[in-house]
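Colleague:
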Amino acid sequence: MQSTQVTDDEDNLDAHDTAEEKTRSGIQSIEVGFRLLDVLTNEPRAMMLRDLAQRAGMSPAKAHRYLVSFLRLGVASQDPVSGRYELGGFALQMGLARLARVDGVRLARIALAELRDRLDQTVGIAVWGNQGPTVVHWMESSHPAKASLKLGDVMPLLSSATGLLFAAYLPRSKTQPMLDRELATTKQTIADVEPLLAEVREHGAARVEGMLLPTIHAFCTPVFDSTGELALGLIALGHEGMFDTRWGGEIDSALRECARGLSYELGHTTGER
């Protein structure tokens, strides 16, 4: 009897191990199949099976087996004439459901907390409000910059990194009234401003060195939404001598990395991950 019991126990363990292996295999299969969806997500055009399989790193026969299931589920679709594959209607519904739940400022606050601790620089978030670029979140470093900024402050368009970023990326119809007011108080003309905005777009971020406040330097980097529009700006600022103002330096690179991650979370894609 004891021998029979041991055998039964061993059989149960074998069955349990087999079930676990199947479970692990199933999860792995989902991950493998997802490579096809990842390729379709980052490809603007429908794809032939051979090209899709090659990009996903698998054989056409293997890719086809996954695609059959994806077609049934609606996450992929196939053109009946050309035979090309693209994302299906259910994939769109999943994406829209995700975007409906996304709060860009909340995500940015979480990401900037880690960035502030890593860089030990003052960081913040700005969005476009009724009056212009508005600071909605602020986290100081262990050596706060005496910038006299507070939540709700509206940043000038032409003398702050935040303002230059919004002026460069927002439609002129939004920024023109504020631009006109600021230009009326200076000797600058719109012709003087255009090269500044072009430089922001060329670098993909705005930088000022002691422009708004002496000895205070700043970057502002764009976060884009699913439509490619500017959603918010990530700010980093600090004292002269304690703030790396180089393009491609530690602060600029870290801020860009953070902005890219947030843009991706908001549904913006440039074909890169």
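Going by UniProt numbering, the letters in the sequence shown line up with residues 1 to 273, in that order. Built from N, CA and C at the ideal position, the CB exists for glycine as well.
So Gly233 is in the beta strand (DSSP E); what residue range does that whole segment cover?
Modeller: Residues Leu230 to His239.
Colleague: Is Glu209 helix, strand or coil when you go by DSSP?
Modeller: Note: Glu209 maps to strand in three-state DSSP.
Colleague: So, with DSSP's three-state summary, where would you put Ala108?
Modeller: DSSP places Ala108 in helix when its eight states are reduced to three.
Colleague: From this set, Gly83, Asn42 and Ala168, which residue's C-alpha is nearest Glu202's C-alpha?
Modeller: Ranking the options by Cα distance to Glu202, first place goes to Ala168.
Colleague: Give, in chain order, every unbroken run of the beta strand (DSSP E) that is at least 3 residues long and sits entirely within the UniProt domain "HTH iclR-type" (27 to 89).
Modeller: You should have 76 to 78 and 85 to 87.
Colleague: Per DSSP, what kind of secondary structure is Ala191 in: helix, strand or coil?
Modeller: Helix at Ala191.
Colleague: Assign Arg207 to buried or exposed, taking buried as 16 or more other Cβ atoms, counted over all protein chains shown, within 10 Å of its Cβ.
Modeller: Answer is buried; the Cβ neighbour count reaches 16.
Colleague: With respect to the beta strand (DSSP E) encompassing Gly124, which residues constitute its N-terminal and C-terminal limits?
Modeller: Start and end: Thr122 to Trp128.
Colleague: I think Leu255 touches Leu234, with their Cβ atoms under 8 Å apart; what is that distance to the nearest whole Å?
Modeller: Contact holds; Cβ gap of about 6 Å.
Colleague: Got a sec, what are the start and stop residues for the beta strand (DSSP E) Phe224 sits in?
Modeller: From DSSP, the beta strand (DSSP E) with Phe224 extends over Ile216 to Phe224.
Colleague: Would you kindly check if the distance between the Cβ of Ala231 and the Cβ of Phe224 is under 8 Å?
Modeller: Taking 8 Å as the Cβ cut-off, Phe224 and Ala231 qualify as a contacting pair.
Colleague: Judging by CA-CA distance, which residue of Lys187, Glu229 and Leu213 is the nearest neighbour of His239?
Modeller: Selected option, being the one with the closest Cα: Leu213.
Colleague: Could you have a look at Pro133 and say whether DSSP puts it in helix, strand or coil?
Modeller: Pro133: strand per DSSP, three-state reduction.
Colleague: Considering Cα atoms alone, identify which of Gly163, Arg45 and Pro144 is closest to Ser82.
Modeller: The option with the nearest alpha carbon to Ser82 is Arg45.
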